[in-house]
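**Student:** Numbering (the working numbering), first residue to last: 49 to 114. C-beta atoms are modelled at their ideal positions from N, C-alpha and C, and glycine is treated no differently.
1. Determine which residues share a DSSP beta bridge with residue 77 and list them.
2. With burial defined as no fewer than 16 other Cβ atoms inside 10 Å of the residue's Cβ, what is the status of residue 58: buried or exposed?
3. Verify whether the separation of the beta carbon atoms of residue 69 and residue 86 is less than 8 Å.
4. Any idea what DSSP makes of residue 82, helix, strand or coil?
5. Using the Cα positions of residue 97 and residue 83, report the straight-line distance between them to the nearest angstrom.
The following block contains the structure:
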């Protein structure tokens, strides 16, 4: 599940975004002027995504050698 929050360009609400990502889990899409500009994910979820991507890359590299 993803979440989205709109921040005015003058608003310094990074703490709010961090709290929201931690409380709700899942990615928080931050938009500015109607465009998605950044996605904030909880650290544990990021670590899991990174590990999965690295495992996929390693598997693909191994397949290329056969």
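**Tutor:** By the coordinates alone:
1. Within the chain shown, numbered from 1, the residue matching residue 77 stands at position 29. In the DSSP secondary-structure assignment, residue 77 is bridged to 52, 87.
2. Stepping through the chain shown from its first residue, residue 58 is reached at position 10. With a pLDDT of 47 at residue 58, under the threshold of 50, the modelled position of that residue is not reliable, and no figure is offered here.
3. The sequence position of residue 69 within the chain shown is 21, counting from 1. The sequence position of residue 86 within the chain shown is 38, counting from 1. No, Cβ-Cβ distance for residue 69 and residue 86 is not below 8 Å.
4. Numbered from its first residue, the chain shown carries residue 82 at position 34. Coil at residue 82, not helix or strand.
5. Within the chain shown, numbered from 1, the residue matching residue 97 stands at position 49. Within the chain shown, numbered from 1, the residue matching residue 83 stands at position 35. Going by C-alpha positions, residue 97 is about 24 Å away from residue 83.
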